[in-house]
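*Asks:* Structure provided below as C-alpha cells; questions to follow.
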C-alpha cells in the first residue's frame, strides 16, 4: 500500500482527484486529501475506504510534519509560496513531492539536499508551466536528433472561454484564479531574445507588445510576453538560440483594452485606497484621472489613454463592464487591484453551462541541410463541466500521471526537477492522449 | 565643551561643516567628522584644534557605538536607510540626533523610546523635506491665526541649474546625487488630494501629469507630483483640507522628455542586463524597442513613444544626449538605470564655473470672511561655488542651526520630530535669512 497525501483541494484539483481515485485500486494507493474546504471535491469520494478527508491548517507545522511523515508522496496544490515548507519536510522525512508551480529560487536551492536524501521533487508539471515543457521539449529533441539546429522557439498558452460560450466584447471570462489575471505581468520586467537581440519590456508596455497567432479551426489570438524567457535557454539546453519567447494568449483586442487598467494604475495591489468603501465604479476610475471640474470621466478617460472618439469597439469593452456607472464598490480598505477584480467578476465569471478552453501553440524554426524550416505544434482542450474544466484537466492530469510514475519507479532520479527529459515527457504525453490532450504537429516549411 | 559627531561628509555637507566651525568657538563645541572620504571637506579645517577627522566604517558597530557614546549630539548625513541604527544607539546612550532625511516608519516607531530616554531626534530638516516644512507651516499658522480656513496647499521644490548657466536643451544638470534623479518617482504610487478628490498616479504617468508654475523674475517651471502627499494632512494638522499636493520642479519640457525613459523601462534598477558590457547608447535604447530588422532605432523610438516626426524640440533633447549614437557603454553587469545615469552624466554634469539653484514655491488658498484668498510664498537660492552650492547651503544650514538650538536648549522636547512647530521654525527661518535664504510672500487675492 502506498500513501498519497494531497495538500490543497481547490478549484483546479477536480480532475487530479478523479485520476488518483481511478488509479488507486489497481496500484494499491490510499489517498489523504488535506484542506479546510472540500467544496470542489465530489463528496461521494470520501465514502471510499481508501480516501480520507483531513481537516488541515497550513499554519499548523506539527500537523503538516505528521501528515508528511506518514505518506509516501506529497502533492502540493497550495499557493506557490507555500511549497517551500512542504519541500523541506519532504526532504527531512525522505518523501517524494510533486507541484504544478514555477520552481522558485528557494526550491531550486534544495537540489543538493534532495539528492542526498534520495528525494524526487518535480515542479512545473501543470499546464503552463508543465504540458508546455513536455510538448515543446519533445519537438526540440526530435529536431536535434534529426540533425537540425534550433534557431527560434516561441511558445504561447492561454486559458480562455470556449468559442461556443464566448459572448462578451472582451472575448474573455475567468477560468482560473481571477486575482492572478488582474496581477498578470507584475512579476518583474519581461525578458526575452528575438533574432539574436535581447529585449526587455516594462509592465506598462507588456500589453502593447503583442503578436498575432492563427490556429487552424480556432481563429486568431494575440500573445503577450511572459516574465523571464531568457532563463529557459539554460533549462532547455539551448544557450545559443536566437529567439526565445514565452507568452500568454488572449483573443485580439483584449490586451490593448487591458492596457488601460495598467496605465491608470488600477491593477496596483501594493497599497489600499483611502476611501474605498464609498467608491463607485465611476469614482474608482476617476481616482486615476486628472482633476477637472467640468469634464466627464468618460472624456478624461479617453483623452488620458489616447483613445480616439470613434474607437467604438474599444470603448464598448469598458462600457460593457459598467465602468462609468455609479455601481457601489462595497469593499473596505481595498487595493485598486481588489476593486478591479470585483468589477470584472460581475461580468467575467463563467455561467453554469459555460465551458473553458486551453490553447497552447509552439513555433520552432531550425536550420537543417542549410535551409530554414518551420514547425508548429498546437493543442486545444475544452472543459467538460464545472469540475472537469480544461484548466482542471490540463493542470491535474500531468500531476497525477507524474505521481503514478514516481510511485511505480518510472521516475527514479532524485533531485529538484522540471519535466524536460524524454524518459519523463514521453510517457506523460502518451497517457495524456488517452484523455484527449493531443498535440497537432505541422511542418510549415 | 559640547561634542558634536557628524557622520557622513559627502557632497552636500560643505556648508554644514562651515556653519558648525564658524559657531564652534563661541558655543564651546568640538566636532568629530566621521567618514571614509573627506574630499568634500576643506582640508585646513582639520588643522583646528577642535575639529577631528575620524576614519569611520559604517558597518563597524563597535566603532559607531563608541563614537556616539562619547558625543553630545549626532548629525547623520548617511544615506537614509542607515539612520535607523544610529538612532537606536542615540537612544541607548541618551544622545540627541539630527537628520535631513524623510522620517521612515522604523524611525517613527522609536517615538516612545526616544521620549522615555529624553532624547530629541529631528528629521526632515534639510531643504525638501526641511525648509519646505518651516516656510509652509509658518504661513499656514499665520492664516489660521488670522481666522482663515486653509482649503488648498500645494508645494513644489526643484534643484536646478542657475539660469546664467542653463545652456542645454533639457534645461537641467545634476546638482545632487544623479542616482536619485534617475530613480525619481519610483518610491511607490503618488497619492494626493485635489479639490476634495483623491488622486493616484502610477510611476508610468507621473511625468505626464505636470502643472505649470510661474515665479516672478525666474520664469516658468513645471511640477510633477511627489510620493504620498496624503500623510502630510495629519502631520500638518490639516485633516479636512481639499487639496494637498507636494511636487518637484523642472523647466517646462523636461518631464515629457523624461517620460520616454520611464516608458521604455530605461530607469529600471531592479535587474541587470544580459550583455551590458557590449552595449552602445544606441543598442541600449534598442533593447526596449520592438524587433524589426529594417526600421531604424530612431523611427522605432518615435513611433513607440508616440512622438510626431515634427516634434523637433523634443527629439533634439535625445539627440543632444547622443542617445542614438554607437558610443560604448562600458559598464559590466549594469542595470538599465545605471547605464542611463552614465549616459546622462556625460552631458548633465555641472562645469567648474556652473552654479546651481534651489527654487521653492508654495500656494495657499484659504477661506476668510466668506471669501477665498490666495497667497504664494517662494524662495530662490543660488550656489556660490562648488562647495557652497545652493543644495549644500539649503540642506546644511537648517541642519546646523537645529543642532545649535538643541545644544543651547532652544529645542527641548524629547521624541522623534519633524520641524513644524513655531518655536522651531521661527528661529531657524530667521537665522536662514542671514544666509540669503529668504521667502517672498505675496497675497494674490
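Residue numbers (the working numbering), protein chains in the order written: chain A, 305 to 749; chain B, 305 to 749.
We treat Cβ as the ideally placed atom computed from N, Cα and C, and that holds for glycine.
Count the C-beta pairs between the stretch 305-314 of chain A and the stretch 683-691 of chain A that are closer than 8 Å, then say yes if the count reaches three, no if not.
*Replies:* The answer is no - the stretch 683-691 of chain A does not touch the stretch 305-314 of chain A, with fewer than three Cβ pairs under 8 Å.
*Asks:* Just checking, does the stretch 724-741 of chain A make contact with the stretch 314-327 of chain B on the three C-beta pairs under 8 Å criterion?
*Replies:* As far as the Cβ criterion goes, the stretch 724-741 of chain A does not touch the stretch 314-327 of chain B, which means the pair count is below three.
*Asks:* Return the Cβ separation of residue 323 of chain B and residue 701 of chain B in integer angstroms, given the expectation that the two are a contact with Cβ distance under 8 Å.
*Replies:* Correct: roughly 6 Å between the Cβ atoms.
*Asks:* How about residue 536 of chain A: is its C-beta nearer than 8 Å to some C-beta of chain B?
*Replies:* It does not: the Cβ of residue 536 of chain A has no partner Cβ on chain B nearer than 8 Å.
*Asks:* Just the C-alpha distance for residue 381 of chain B and residue 404 of chain B, rounded to the nearest angstrom, thanks.
*Replies:* Near 7 Å, if we compare the C-alpha coordinates of residue 404 of chain B and residue 381 of chain B.
*Asks:* According to DSSP, residue 665 of chain A sits in a beta bridge with which residue or residues?
*Replies:* According to DSSP, which records beta bridges pairwise, residue 665 of chain A is partnered with A/460 and A/682.
*Asks:* Could you tell me whether the Cβ of residue 572 of chain B comes closer than 8 Å to any Cβ of chain A?
*Replies:* True, the Cβ-Cβ gap to chain A drops below 8 Å.
*Asks:* With a cut-off of 8 Å, do at least 3 Cβ pairs link the stretch 668-684 of chain A to the stretch 499-509 of chain A?
*Replies:* Verdict: no, contact absent.
*Asks:* Would the stretch 424-442 of chain A and the stretch 632-651 of chain A be scored as touching if the rule is three or more Cβ pairs under 8 Å?
*Replies:* With a cut-off of 8 Å, the stretch 632-651 of chain A and the stretch 424-442 of chain A do not count as touching, because too few Cβ pairs lie within range.
*Asks:* Since residue 334 of chain B sits in a beta bridge, which residues does DSSP pair it with?
*Replies:* Beta-bridge pairing links residue 334 of chain B to B/307.
*Asks:* Could you list the residues in the stretch 474-493 of chain A with a C-beta less than 9 Å from some C-beta on chain B, going in chain order?
*Replies:* Correct list: 492 and 493.
*Asks:* Where does the unbroken beta strand (DSSP E) through residue 269 of chain A begin, and where does it stop?
*Replies:* Residue coverage of chain A in this structure runs from 305 to 749, which leaves residue 269 of chain A outside it and unanswerable.
*Asks:* What does DSSP give as the partner residue(s) for residue 526 of chain B in the beta ladder?
*Replies:* For residue 526 of chain B, which the question treats as bridged, DSSP gives the partners B/516 and B/554.
*Asks:* Could you tell me which residues DSSP pairs with residue 377 of chain B in its beta bridges?
*Replies:* Answer by DSSP bridge pairing, in chain order: B/308 and B/400.
*Asks:* How many Å lie between residue 368 of chain B and residue 722 of chain B at the Cα?
*Replies:* Approximately 24 Å, taken between the alpha carbons.
*Asks:* Which value, in whole angstroms, describes the spacing of the CA atoms of residue 557 of chain A and residue 499 of chain A?
*Replies:* About 26 Å.
*Asks:* Shortest alpha-carbon distance to residue 390 of chain A belongs to which of A/354, A/359 and A/427?
*Replies:* When each option's Cα is compared against that of residue 390 of chain A, the closest is A/427.
*Asks:* Compute the Euclidean distance between the alpha carbons of residue 768 of chain B and residue 455 of chain B, then round it to the nearest angstrom.
*Replies:* Because chain B is modelled from 305 through 749, residue 768 of chain B falls outside the range shown and cannot be assessed.
*Asks:* For chain B, check one thing: does any of its Cβ atoms lie closer than 8 Å to the Cβ of residue 645 of chain A?
*Replies:* Taking Cβ atoms only, chain B never reaches closer than 8 Å to residue 645 of chain A, which makes this a no.
*Asks:* Compare the C-beta of residue 635 of chain B against all C-beta atoms of chain A and say whether one is closer than 8 Å.
*Replies:* Not closer than 8 Å to any Cβ of chain A, the Cβ of residue 635 of chain B fails to qualify, so no.
*Asks:* Sort out for me which residues DSSP pairs residue 478 of chain A with in a bridge.
*Replies:* Answer is A/653, bridged to residue 478 of chain A.
*Asks:* Less than 8 Å between the C-beta atoms of residue 743 of chain A and residue 682 of chain A, yes or no?
*Replies:* It is a contact, given that the beta carbons lie within the stated cut-off.
*Asks:* Rounded to the nearest angstrom, what separates residue 457 of chain B and residue 672 of chain B at their Cα positions?
*Replies:* Distance between the alpha carbons of residue 457 of chain B and residue 672 of chain B: 15 Å.
*Asks:* Taking a cut of 9 Å between CB atoms, which residues from the stretch 584-601 of chain B lie near chain A?
*Replies:* Result list: 587, 590, 591, 592, 593, 594, 595 and 597.
*Asks:* What residues in its chain sit with their C-beta under 7 Å from that of residue 658 of chain B, if we drop five residues either side in the sequence?
*Replies:* The residues are 465, 469 and 477.
*Asks:* Between residue 551 of chain A and residue 490 of chain A, what straight-line distance do the alpha-carbon atoms span, to the nearest angstrom?
*Replies:* Rounded to whole angstroms, residue 551 of chain A to residue 490 of chain A spans 14 Å at the Cα level.
*Asks:* Give me the subset of the stretch 497-522 of chain A whose CB atoms are less than 9 Å from a CB atom of chain B, sorted by chain position.
*Replies:* Under the 9 Å Cβ criterion, the stretch 497-522 of chain A contributes 497, 498, 499, 501, 502, 503, 504, 505, 506, 507, 508, 509, 512 and 513.
*Asks:* Should residue 641 of chain A be flagged as near chain B, meaning a C-beta pair shorter than 8 Å?
*Replies:* Not an interface residue.
*Asks:* Please identify the residue among B/433, B/538 and B/385 whose C-alpha is closest to the C-alpha of residue 410 of chain B.
*Replies:* Comparing Cα positions, the closest option is B/385.
*Asks:* Determine the burial state of residue 705 of chain B: buried for a count of at least 16 other Cβ atoms within 10 Å of its Cβ, exposed for fewer.
*Replies:* By the 10 Å Cβ count, residue 705 of chain B comes out buried.
*Asks:* Quick one: using the 10 Å Cβ neighbour count with 16 as the cut-off for buried, is residue 633 of chain B buried or exposed?
*Replies:* Buried: at least 16 other Cβ atoms inside 10 Å.
*Asks:* Return the chain-ordered list of same chain residues with a C-beta closer than 6 Å to the C-beta of residue 719 of chain A, the five sequence neighbours on each side being excluded.
*Replies:* Result list for residue 719 of chain A: 415, 418 and 419, in chain order.
*Asks:* Using CA atoms only, rank isn't needed, just tell me which of A/555, A/542 and A/467 is closest to residue 516 of chain A.
*Replies:* Among A/555, A/542 and A/467, the Cα nearest to that of residue 516 of chain A belongs to A/555.
*Asks:* What is the residue span of the alpha helix (DSSP H) that residue 692 of chain B lies within?
*Replies:* Segment: none, residue 692 of chain B is in no alpha helix (DSSP H) and carries neither H nor E.
*Asks:* So, are the CB atoms of residue 508 of chain A and residue 450 of chain B less than 8 Å apart?
*Replies:* No, Cβ-Cβ distance for residue 508 of chain A and residue 450 of chain B is not below 8 Å.
*Asks:* Taking contact to mean 3 or more Cβ pairs, one atom from each stretch, closer than 8 Å, check whether the stretch 634-641 of chain B and the stretch 579-591 of chain B are in contact.
*Replies:* With the cut-off at 8 Å, the stretch 634-641 of chain B and the stretch 579-591 of chain B touch.
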